[in-house]
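Q:
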Amino acid sequence: MTEETIIAGFGGQGVLSMGMLLAYGGVIENQEVSWMPSYGPEMRGGTANCIVINGDEPISSPIVSRFDSVVAFNQPSLDKFEAAVKPGGLLLYEEEAILNPPTRTDITIIAVPAAKAAIELKNQKVTNLVMLGAFLKAKGIIKPQTAVKALYKVLPERHHKLIPLNEKALKRGAELVRGEITAN
Amino acid sequence: MSEVLFMKGNEALAEAAIRAGLDAYFGYPITPQSEILEYLTAQIPKRGGVVLQAESEVAAINMIYGAAGAGSRVMTTTSSPGFSLMQEGISYIASAQLPCLLANVVRGGPGLGTIQPSQGDYFQATKGGGHGDYYMIVLAPSTVQEMADFVYLGFDLADKYRTPVMILADGALGQGMEKVTFPDYDPAARKIAKPWATTGKTPDRERNVITSLYLQPEKMEELNLVLQKKYNTIRQNEILWEEYLTDDAEVLFTAFGLAARIVRKTIQLAREKGIKAGLFRPKTVWPFPYKCLNELAHQVDLIQDIELNAGQMVEDVRLGVEGATPVFFHGRMGGMIPTPEEVLEKMEANLATVRGRNGRPKEDVR
Amino acid sequence: MSEKGTVVAEKASEMDLVYCRPESLLDVRMHYCPGCGHTTTHKILMEVIDQLNIQEETIGVAPVGCAVLAYEYLNVDMHQAAHGRATAVATGIKAVQPDKYVFTYQGDGDLAAIGTAETIHSANRGENFLIIFINNGIYGMTGGQMAPTTPIGEKTATSPYGRDKKTAGAPIDITNLLAQLPGTFYATRQAVHSANAVRKTKKALIKAFEYQKLDKGLCIVEVVSNCPSGWKLTPYESNEWMKEHMMTIYPLGDIKTPSKEDLLS
Ligand SMILES: Cc1ncc(C[n+]2csc(CCOP(=O)(O)OP(=O)(O)O)c2C)c(N)n1
Ligand code: SF4
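Protein chains in written order, with my numbering: chain A, 1155 to 1338; chain B, 5 to 370; chain C, 5 to 269.
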């Protein structure tokens, strides 16, 4: 198994930390993992993304250009990476952020109302956790409980009190997706 | 074995340095490696040692010259523009035969360039860089694990040969996170005595002088001969490389660092298509593994060199191959990274040329 | 209002016009963070250039720092210098274009850390150009590391336990240091956080450009500024913090002004 995922959006949307949770989760489940962020000051208010690769063999290239899954948090990211989804792959996007939805027919496309769900949970910052919950439901790369364990690694100690809320967001995300879609 | 951690390459390098007994670090912030200075300023006050933010890379390398001469295990790290500024100091350090570890987390140039990953500093690292006849041992990591491993190796080699050792990484290896484990390593057991260091003249010894100045050309040539002899010993003893799927390879990729990771993916794609491809990856880019490459060159139809620059290591590849097989180059510059698919396409086109477009076996072409 | 400003003004109904972009400031989106003092300083610098009508006679030098892209915004001839070397570059420009107005625009890391030698020696030679020095007490561009101007005790990415005077020294007051040198003609410290401060800074900039005509030596206009991103504060909080922690160690006002004789002779 090798799962190549890119998560992309605006800086500050929690794109990098969503990737980090997926990556740390992989480490906890004894997978081989790499996490490669875009970096630099151009991320100020600009676009940010990270490539996460989970596999059972050592990761060859940490940088790839075609993905099993794309998770898009904004329109520019969707426009940029829609074509990069491998045929049969998954495109997951934040519903409200997208005006022009994707058009490909050879991939699975899921719109997740993650921002809305986060607002219902009274904290917009957990949008990325809702997305992660949805993503893990669609693609069981790591177990949801592992993502919770990963939270303890990724969040600085002073934010650990927020973990129950994050857990709720993960659950809410999973509910927003009907079932697991197995890659072909 | 110790715990499996998940870290950025920059952090792994910094953590390894502390575990390897780093006495002092001097550095100046520059993307994409500022995390090293940031990590060390957070950790060293708790774990012992010196960490100092210099006012420039020129100052940092001269602080290294001072602290290394005074007998400490020292390191500085920077990225391309900063490494250019350090060249004067490195030349002095090589000449004065001081052990130290330097890392260049390379970004795209020339000039101020870009902060994105690049391998454009290969020439500067392996062919001298500063003035005069000197070399550094240059280790080129390809994984976060090697970002850590080469720190221990680098410190040991530096002490063993009294020479600057450098780690030639790139922005992606510095910023990306992978699993890493740190070996059992006891700095106290590994550090060797430095009787030449300026630790204060005791009655039982002559005074120690750290200098690179020998006005008389006879004396200066003598020093040069000592250096050259040392470099030859290093060439004989310290060459490291890795081969991946070379046993049955008909096509050989050559690449170092991050480019070698991309090529590994290309090799998977090529093998899925039935092309027997393999990888030759120098881990020391100085000294370069010429001989071992030459042996492999006779077995393959072509060599495809891949770099994140305009073609620098390929000159060493050609020196090693000595015309035994055609050598092709493909690279991207200025922070651009070739995709595995792009690399495959280039190689296939070259393979078609070499084998003849109608797929004749290689004997017919030769 | 300047001649150029008037042209722009005619386009709008004159009565409605309360504000317009200076003609010499390019109409592009700046990359600076919201609330950052760089933006205001750029704007008033170009207002001054418009007002003095010297756009065609001005050559600027951009640093390495957040203002590295200043040449994307300032519509005058510009150089981009290596980190810390702006005043050396300006020395070269002024040497061969002595009739032009030359300025450098530098941050505290650029001017007061890696570029200290160039800065001091430009002043000591009495170079006849203007340094605009943005002192925000931090390295903004590289992500909030300690600068030579960072206040004692301040936590940054490379002083996670707070700046320690024992190892990092005290914050350097480089403008004061430069003022000690006979080659420095005019040194002042201003700010851009309020309408009043902006007015004063504009006046200082106008003076500094006019002094260049006298060929009497270096002018430096320091702007005590903020870095909401590096300080991890909102723009409003950052200005409050600046007043409390920066302006107390870097008090605003003139540091060295020419005497009457200086101006006459
Ligand atoms: C030789 C060299 N070293 C380091 C850097 C990295 N670098 C870029 S900007 C900067 C500091 C910027 O700080 P400052 O001058 O205070 O300006 P600000 O970004 O705060 O406006 C550094 C260290 C570089 N570009 N070149
Ligand atoms: S990082 Fe700081 S100095 Fe740079 S643009 Fe942002 S607020 Fe301004």
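Cβ atoms here follow ideal geometry from the backbone N, Cα and C, with glycine treated the same way.
If I follow the unbroken alpha helix (DSSP H) through K247/C, where does it start and stop?
A: From DSSP, K247/C is part of no alpha helix (DSSP H); its letter is neither H nor E.
Q: Taking the alpha carbon of N139/C as the point to measure from, which residue in K206/C, H249/C and F133/C has its own alpha carbon closest?
A: Checking every option, the nearest Cα to that of N139/C belongs to H249/C.
Q: What span of residues does the beta strand (DSSP E) with P221/B cover, start to end?
A: Per DSSP, P221/B belongs to no beta strand (DSSP E); it is in the alpha helix (DSSP H), P221 to N241.
Q: Exposed or buried, what is S263/C when buried is set at 16 or more other beta-carbons lying within 10 Å of its beta-carbon?
A: S263/C is exposed by the Cβ-count criterion.
Q: Helix or strand or just coil, what does DSSP make of A174/C?
A: Looking at A174/C - three-state DSSP - the assignment turns out to be coil, as it is neither helix nor strand.
Q: CB-CB under 6 angstroms to M1197/A, same chain, minus the five flanking residues each way: which ones, in chain order?
A: Reliability of the predicted coordinates at M1197/A is poor, the pLDDT of 44 falling under 50, and no value is obtained from them.
Q: Which residues, taken in chain order from the region 35-54 of chain B, show a beta carbon closer than 8 angstroms to some beta carbon of chain C?
A: Flagged, chain order: T35, S38, L41, E42, T45, A46 and P49.
Q: Closest to L49/C by CA distance: which of D266/C, A74/C, Y36/C and P67/C is it?
A: Checking every option, the nearest Cα to that of L49/C belongs to A74/C.
Q: At a CB-CB cut-off below 8 angstroms, which residues of chain C make contact with E59/B?
A: The answer, in chain order, is A117, I118, T120 and P152.
Q: Can you give me the C-alpha to C-alpha distance between G1243/A and G339/B, rounded to a whole angstrom?
A: Taking the straight line joining both Cα atoms gives about 28 angstroms.
Q: Just reading off the alpha helix (DSSP H) that T130/B is part of, what are its end residues?
A: Y126 to T130 is the span of the alpha helix (DSSP H), which, as asked, contains T130/B.
Q: Is E61/B near ligand 1, going by C-beta to nearest heavy atom under 7 angstroms?
A: Yes, Cβ of E61/B sits closer than 7 angstroms to a heavy atom of ligand 1.
Q: On the DSSP letters alone, give me the boundaries of the alpha helix (DSSP H) that H83/C sits inside.
A: Not the alpha helix (DSSP H): H83/C falls in the beta strand (DSSP E), residues D81 to Q84.
Q: Using a Cβ-Cβ cut-off of less than 8 angstroms, list which residues of the region 292-309 of chain B approach chain C; keep chain order.
A: Against chain C - using a Cβ distance shorter than 8 angstroms - the region 292-309 of chain B contributes no residues.
Q: So, is the C-beta of M1197/A closer than 8 angstroms to a C-beta in chain B?
A: Because the pLDDT of M1197/A is 44, which lies under 50, any placement of that residue in the model is unreliable, and the question is left without a value.
Q: If I follow the unbroken beta strand (DSSP E) through M50/C, where does it start and stop?
A: Taken as a continuous stretch (DSSP letters only), M50/C belongs to no beta strand (DSSP E), being part of the alpha helix (DSSP H) at G41 to L56.
Q: Per the DSSP calculation, D153/B is bridged to which residue(s)?
A: Beta-bridge pairing links D153/B to no other residue.
Q: Going by DSSP, what residue range makes up the beta strand (DSSP E) through R193/C?
A: That run of the beta strand (DSSP E) goes T188 to A195.
Q: Quick one, which residues of the region 231-247 of chain B are near chain D if we go by CB-CB under 9 angstroms, in chain order?
A: Reference to chain D is not applicable here, since the protein chains of this structure are A, B and C.
Q: Residues in the same chain with beta-carbon distance under 6 angstroms from E1158/A, minus the five sequence neighbours each way, listed in chain order, please.
A: I1207, V1218, F1221 and D1222.
Q: Closest Cβ-Cβ distance between M1190/A and chain B: below 8 angstroms?
A: Yes, because at least one Cβ of chain B sits closer than 8 angstroms to the Cβ of M1190/A.
Q: Strictly below 8 angstroms CB to CB, what residues from chain B border Y1306/A?
A: Residues of chain B passing the Cβ test: none, with the nearest at roughly 13 angstroms.
Q: Consult DSSP for F159/B and reduce its assignment to one of helix, strand or coil.
A: Helix, per DSSP.
Q: Using a Cβ-Cβ distance cut-off of 8 angstroms, determine whether H87/C contacts chain B.
A: By this cut-off, H87/C is an interface position.
Q: Judging by CA-CA distance, which residue of F292/B, V8/B and P103/B is the nearest neighbour of A129/B?
A: That would be F292/B, whose Cα lies nearest to the Cα of A129/B.
Q: In three-state terms, what does DSSP make of C296/B?
A: Note: C296/B maps to helix in three-state DSSP.
Q: Pick out whichever of L312/B, I307/B and Q179/B has its Cα sitting closest to the Cα of A253/B.
A: It is I307/B whose Cα lies nearest to the Cα of A253/B.
Q: Who are the neighbours of L56/B on chain C, taking C-beta pairs under 7 angstroms?
A: The answer, in chain order, is T171.
Q: Leaving out five residues before and five after G119/C in sequence, what residues of the same chain have Cβ atoms less than 6 angstroms from its Cβ?
A: Correct list, in chain order: G88.
Q: Can you give me the start and stop residues for the alpha helix (DSSP H) that A1269/A sits inside?
A: Run containing A1269/A: A1268 to E1274, per the alpha helix (DSSP H) assignment.
Q: Go through the region 1246-1333 of chain A residue by residue and report every complete run of the alpha helix (DSSP H) that reaches 4 residues or more, in order.
A: Taking only runs of at least 4 residues, the alpha helix (DSSP H) segments lying wholly in the region 1246-1333 of chain A are 1268-1274, 1281-1292, 1298-1308 and 1317-1329.
Q: Along chain B, which residues have their Cβ under 7 angstroms away from the Cβ of Y75/C?
A: Here the premise fails: no neighbours, minimum Cβ distance about 12 angstroms.
Q: Name the two residues that bound the continuous beta strand (DSSP E) containing S1188/A.
A: From DSSP, the beta strand (DSSP E) with S1188/A extends over E1186 to P1191.
Q: Give the residues of chain A in contact with K269/B, contact being defined as C-beta atoms less than 8 angstroms apart.
A: Here the neighbours are S1214, S1215 and V1218.
Q: Check whether the Cβ of Y36/C lies closer than 7 angstroms to any heavy atom of ligand 2, and answer yes or no.
A: Because some heavy atom of ligand 2 lies under 7 angstroms away, the Cβ of Y36/C counts as near it: yes.
Q: Is it buried or exposed, M1155/A, if we count other Cβ atoms within 10 angstroms and call 16 or more buried?
A: The residue in question, M1155/A, is exposed, as its Cβ has fewer than 16 Cβ neighbours within 10 Å.
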